[in-house]
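Visitor: Submitted below is the structure of interest, expressed as structure tokens.
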Amino acid sequence: MLNHERQPLTSKRVQLMATCLCDAFHDDVAVATVQVLEYLGCTIDFPQAQTCCGQPAFNGGDWPASRKVVRHTVKTFTGSDPVVLPSGSCAGMLFHGAPLEFEKEPDLGAVEALGRRTWEIGDFIVNGLGVKAWPGRFDATVAFHRSCHTRGSNSGDAARTLLRSIAGLKLVEFGEGEQCCGFGGTFSVSFPNISAAMGNLKIENVLAAKPDILVSGDMSCLMHLGGLAEKEGIPMKTLHLAQVLRDALRADGLL
Amino acid sequence: MRFQPIDQAAARLNPETRAAVYNGTKTGHEKRTRVLFDHYAEPNRLRELAGGIKQHVIENLDTYLPAVEAKLQSNGAKVHWAATADAACNAVLRIMRARGATKIVKSKTMVSEEIELEGFLEKHGVESLETDLGEFIVQIDHDHPSHIVKPIIHKNRRDIAASFEKNGLGAFDDNPETITRRARQFLRHKYMEADVGLTGANFVVAESGRIVLVTNEGNSRFCLAATRCHIVLVGIEKILPRDRDLALLLNLLGRSGTAQQITVYTEFISGPKAPTQPDGPEEMHVIFVDNGRTDVLATECRDILRCIRCGACLNVCPVYRQAGGHAYRSVYPGPVGAVLSPLLLGKNFPQKADLPKASSLCGACQEVCPVNIPIPDLLLRLRDRAKREHVPSPGTPPMGAWALLASQPAIWKAALFGGRLMNYLPTTLLPIPALRAWEKARTLPRWRGGEFRKWMKNRNRPRD
Ligand code: SF4
């Protein structure tokens, strides 16, 4: 995967890709991402033309449609600054999925170049900026769901490193942690029974560990799990990693 | 509305069967992980190494196949090539006829399931008997295996005891020891009556012509000890270059498949009985089966031919755990089957083009695969192929309108602010029917399209 071929950072200028889910539903996650990056001294450029990473059609099997969106994304995120996303899944799409569907396309090079400078936020903080401990305080017991599209990347370890380092935060493990939440993009609507069964099993495992909050680096998983829990009337608080980092800073007056 | 066939099958699966599959796979996976990580500092490096060896083999089959043929022949075995399932069945029958044999005892082989050997032999008056306990139970139940390593993972003890009773193998008793003892007693004299023993092969070593077989029940040894003729049915992709590659592959296979350091029996068979040996089959035939494999080799999904049939990807797969093996309508279920089964159909691929859709693309399969097959990528390639071949895909939202929208920033932004994006976004955000499918089990968060962009813009303005 291209995320293993990254160059060390030379400046703290970053481009933010908010992702379509945060653009449409979870604005506070994008806000928290900006606040956290700025706290770390980054200057943020938010290209207004951005839309989506192209993953829905890629996973759905409509590669021509997906390539159209990826091409738009490549055009939107020009230059050489790192592109940071509050999503392991969308980041993975840019450094792994897109190169796969562009294998035989003339503009593969441009797609790969974007992939090489794409980072998931946790990975960027820990392995890009070299921040291994997070200041501030967050008084809660937290369960962390490693989203599936961060398998084979450094994101899962990075998030755990940061969470563990926060004062007041207790990280608990839960059963079947390697299992998928059942979202899977179009899978959630074309396989609704299996998707919901997987999600409910995840919720059961998470709640058995008695966390105050379920945290993940991907809003797609949390939207699915949170939606399932809410439908069933099960109280389960969810937060994105960036929100936890931001709230920790706030609690100590650092923001 | 219509959903995907595997989703429907999962919804229909009875809760007891699902519980049996779930418990079996979960335990299997957890033990496998513990054993691998307890025994090795970097099991993932081993998986990559093993994957490299098998990839090398499948990319050089044109040289390995003749080499292995020559070696087997010099060891005294006869080699047969079967391009199709039919040819493979006929090769077995020809060998039987030439010996005037009518009874065959079988050790577990997936290839024999693939070519539907049992039914074929029965039609031609040959009695074939499964000697692996799981396969034996499948046989007396007229069922199908639902897992490539644990064929009866979908049955519990009570199911098995009931079918023993029905088949005249003693009064109902679901004690596993009783079940095993009864099967043994029944099978014991069958071995003596049979003329031919049929096995698969986990590996065939090119360097030495060794056939390597792993089992836990010792039934394959009985198949060879009691009969005069040994037939090996093996896919052309099962070759390893050197004997020393076995050290790596056997260690990974036992741990990945059944969480064992090494299986109870590992047989190395280098040919028929030598004149100096007291017993063993005096005749040995190795039937190499293609049956669509060279077609797979010609595709970009050839990596799937590395598979050593350990079953680890089935055990970890959340979809397999919910749906069970029969939902895949194939000899090879689970993640490996979702790739391999449609591919083996060649141009009839559309018949099983729904299997690669049955995945959230979570990648757990690749993470456990002892030969590191990039299964999610292969599933994606097959989805692309299905779309190009215009295979309908029930429940999958159309993407054309979304792609148009997502490549037109001005309209995208307008839609975000106007909230009308709901009507164009795929997956969660699409109108009926996808939205309905979403909301059947989940709530949808409040639409806040454009809020973040507004925040970004306002914060850059000086405050008054
Ligand atoms: S694909 Fe890999 S994990 Fe699955 S059965 Fe084959 S070797 Fe085992």
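Chains as they are written, first to last, in my numbering: chain C, 53 to 307; chain R, 12 to 475. Even for Gly, the Cβ is constructed at its ideal location relative to N, Cα and C.
Please give the ranges of any beta strand (DSSP E) in the stretch 338-424 of chain R, keeping only runs that are unbroken, at least 3 residues long and fully inside the region.
Guide: Here no run is fully enclosed.
Visitor: Restricting to Cα atoms, I'd like to know which of R/ALA323, R/THR191, R/LEU355 and R/GLU59 is closest to R/LYS161.
Guide: Counting from 1 along the second sequence, the entry for residue 161 of chain R is found at position 150. Considering only alpha carbons, the answer is R/ALA323.
Visitor: Compute the minimum distance between the beta carbon of R/ARG193 and the heavy atoms of the ligand SF4, and state whether it is under 7 Å.
Guide: Taking the first residue of the second sequence as 1, we reach residue 193 of chain R at position 182. No, the Cβ of R/ARG193 stays beyond 7 Å of every heavy atom of the ligand SF4.
Visitor: Going by beta-carbon coordinates alone, are R/LEU257 and R/PHE214 separated by less than 8 Å?
Guide: Translated into the one-based positions of the second sequence, residue 257 of chain R becomes position 246. Translated into the one-based positions of the second sequence, residue 214 of chain R becomes position 203. Closer than 8 Å, so yes.
Visitor: DSSP beta-bridge partners for R/PHE279?
Guide: Within the second sequence, the letter at position 268 stands for residue 279 of chain R. R/VAL223, per the DSSP bridge assignment.
Visitor: Closer than 9 Å between beta carbons: that is the criterion. Which residues of the stretch 108-119 of chain C meet it against chain R?
Guide: Residues PRO108, ALA109, PHE110, ASN111, GLY112, GLY113, ASP114, TRP115, PRO116, ALA117, SER118 and ARG119.
Visitor: What residue range is occupied by the uninterrupted alpha helix (DSSP H) comprising R/LEU260?
Guide: Within the second sequence, the letter at position 249 stands for residue 260 of chain R. From DSSP, the alpha helix (DSSP H) with R/LEU260 extends over 256-269.
Visitor: Hey, out of C/GLU230, C/GLY237, C/GLU153 and C/PHE226, whose CA is closest to C/LEU259's CA?
Guide: Taking the first residue of the first sequence as 1, we reach residue 259 of chain C at position 207. For C/LEU259, the nearest C-alpha among the options comes from C/PHE226.
Visitor: Would you list the residues sitting across from C/ARG65 in a DSSP beta bridge?
Guide: In the first sequence, the residue the question calls residue 65 of chain C occupies position 13. Beta-bridge pairing links C/ARG65 to C/THR95.
Visitor: Whose C-beta lies closer than 6 Å to the C-beta of C/LYS289 among residues of the same chain, with five residues either side of it excluded?
Guide: Counting from one through the first sequence, the residue named residue 289 of chain C turns up at place 237. For C/LYS289, where only same-chain residues beyond five positions count, the Cβ hits under 6 Å are ILE265.
Visitor: Rounded to a whole number of angstroms, what is the C-alpha to C-alpha distance between R/LYS82 and R/ILE222?
Guide: Here residue 82 of chain R corresponds to residue number 71 of the second sequence, with the count starting at 1. Here residue 222 of chain R corresponds to residue number 211 of the second sequence, with the count starting at 1. Those two C-alpha atoms are separated by around 11 Å.
Visitor: So, helix, strand or coil for R/ARG58, using DSSP?
Guide: Here residue 58 of chain R refers to the residue found at position 47 of the second sequence. Reduced to three states, the DSSP call for R/ARG58 is helix.
Visitor: Measuring straight from C-alpha to C-alpha, what distance separates C/ILE218 and C/TRP186?
Guide: Here residue 218 of chain C is taken as the residue at index 166 of the first sequence, counted from 1. Here residue 186 of chain C is taken as the residue at index 134 of the first sequence, counted from 1. Each residue's alpha carbon lies about 5 Å from the other.
Visitor: How big is the Cα-Cα spacing for R/CYS373 and C/ALA248?
Guide: Position 362 of the second sequence, counted from the start, is the residue given in the question as residue 373 of chain R. Position 196 of the first sequence, counted from the start, is the residue given in the question as residue 248 of chain C. The alpha-carbon atoms of R/CYS373 and C/ALA248 are separated by roughly 15 Å.
Visitor: Go through its chain and collect everything with a Cβ distance to R/THR438's Cβ below 6 Å, but skip five positions before and after it.
Guide: Within the second sequence, residue 438 of chain R is the residue found at index 427, counting from 1. For R/THR438, the predicted model reports a pLDDT of 47, less than 50, meaning its position is unreliable and no value from the coordinates is stated.
Visitor: Provide the residue(s) that pair with C/THR290 in DSSP beta bridges, ordered along the chain.
Guide: Within the first sequence, residue 290 of chain C is the residue found at index 238, counting from 1. Paired residues: C/LEU266.
Visitor: From the DSSP output, in three-state form, read off C/THR193 for me.
Guide: Mapped onto the first sequence, residue 193 of chain C falls at position 141. Correct three-state label for C/THR193: strand.
Visitor: Tell me whether R/ARG304, by its Cβ, gets closer than 7 Å to a heavy atom of the ligand SF4.
Guide: Translated into the one-based positions of the second sequence, residue 304 of chain R becomes position 293. No, the Cβ of R/ARG304 stays beyond 7 Å of every heavy atom of the ligand SF4.
Visitor: At a Cβ threshold of 8 Å, is R/GLU278 touching chain C?
Guide: As a first step, residue 278 of chain R must be located in the second sequence, where it is residue number 267. It does not; no Cβ of chain C falls within 8 Å.
Visitor: Output the boundary residues of the beta strand (DSSP E) element that contains R/CYS240.
Guide: Translated into positions along the second sequence, residue 240 of chain R becomes position 229. First-last of the beta strand (DSSP E) with R/CYS240: 240-246.
Visitor: Do you know whose CA, among R/GLN196, R/ALA96, R/LEU355 and R/VAL327, lies nearest R/CYS312's CA?
Guide: Here residue 312 of chain R refers to the residue found at position 301 of the second sequence. Considering only alpha carbons, the answer is R/LEU355.
Visitor: Around the C-beta of R/HIS40, are 16 or more other C-beta atoms found within 10 angstroms, so that it is buried, or is it exposed?
Guide: Taking the first residue of the second sequence as position 1, residue 40 of chain R is located at position 29. It is buried - the Cβ of R/HIS40 has at least 16 other Cβ atoms within 10 Å.
Visitor: Excluding the 5 residues preceding and the 5 following R/ILE250 in the sequence, name in chain order all residues of the same chain whose CB lies nearer than 8 Å to its CB.
Guide: Taking the second sequence and counting its residues from 1, the one referred to as residue 250 of chain R is at position 239. VAL68, LEU72, TYR75, LEU76, VAL79, PHE214, VAL215, VAL216 and ALA217.
Visitor: Which of the three DSSP states is assigned to R/PHE214 in this structure?
Guide: For the purposes of this step, residue 214 of chain R is taken as residue 203 along the second sequence, with counting starting at 1. Note: R/PHE214 maps to strand in three-state DSSP.
Visitor: Evaluate contact between the stretch 67-76 of chain C and the stretch 88-102 of chain C, counting only Cβ atoms and requiring at least three cross-stretch pairs below 8 Å.
Guide: Output reads yes: the stretch 88-102 of chain C touches the stretch 67-76 of chain C.
Visitor: Within the same chain, show all residues whose beta-carbon is closer than 8 Å to that of R/VAL46, passing over the 5 residues directly before and after it, in chain order.
Guide: Position 35 of the second sequence, counting from 1, holds the residue named residue 46 of chain R. Taken in chain order, the residues that qualify are ARG266, ALA270, GLN271 and GLN272.
Visitor: Determine, using beta carbons only, whether C/ALA162 and C/GLY106 come nearer to each other than 8 Å.
Guide: The residue you call residue 162 of chain C lines up with position 110 of the first sequence. The residue you call residue 106 of chain C lines up with position 54 of the first sequence. It is not a contact, given that the beta carbons lie outside the stated cut-off.
Visitor: Quick check: the Cα distance between R/GLY87 and R/VAL225, rounded to an integer number of angstroms?
Guide: Counting from 1 along the second sequence, the entry for residue 87 of chain R is found at position 76. Counting from 1 along the second sequence, the entry for residue 225 of chain R is found at position 214. R/GLY87 and R/VAL225: Cα-Cα distance of roughly 22 Å.
Visitor: For R/VAL275, does the count of other Cβ atoms within 10 angstroms reach 16, so buried, or fall short, so exposed?
Guide: Within the second sequence, numbered from 1, the residue matching residue 275 of chain R stands at position 264. When all chains shown are included, R/VAL275 counts as exposed.
Visitor: Going residue by residue through the stretch 80-126 of chain R, where are the continuous alpha helix (DSSP H) segments of at least 4 residues, counting only ones entirely within it?
Guide: Counting whole runs of 4 or more residues, the stretch 80-126 of chain R contains the alpha helix (DSSP H) stretches 96-110 and 121-125.
Visitor: With a 10 Å radius around its C-beta and 16 neighbouring C-beta atoms as the bar for buried, classify C/THR238 as buried or exposed.
Guide: The count along the first sequence starts at 1 and reaches residue 238 of chain C at position 186. Flag for C/THR238 reads buried.
Visitor: Using three-state DSSP, classify R/PHE299 as helix, strand or coil.
Guide: Looking up residue 299 of chain R in the second sequence gives position 288. Residue state, collapsed to three classes: strand.
Visitor: Among residues of its own chain, excluding the 5 on either side of C/GLU164, which ones have a beta-carbon nearer than 7 Å to its beta-carbon?
Guide: Indexing the first sequence from 1 puts residue 164 of chain C at position 112. Within the same chain, C/GLU164 has close Cβ partners LEU54 and PRO151.
Visitor: Is the beta carbon of C/LEU223 sitting closer than 8 Å to the one on C/VAL194?
Guide: What you label residue 223 of chain C is simply residue 171 of the first sequence in a count that begins at 1. What you label residue 194 of chain C is simply residue 142 of the first sequence in a count that begins at 1. Contact: yes.
Visitor: DSSP three-state label for C/THR125, please.
Guide: Taking the first sequence and counting its residues from 1, the one referred to as residue 125 of chain C is at position 73. Of the three classes helix, strand and coil, the one that applies to C/THR125 here is helix, per DSSP.
Visitor: So, is R/LYS465 buried or exposed, given that buried needs 16 or more other C-beta atoms within 10 angstroms?
Guide: As a first step, residue 465 of chain R is located in the second sequence; it is residue number 454 there, counting from the start. By the neighbour-count rule (16 or more Cβ atoms within 10 Å), R/LYS465 is not buried but exposed.
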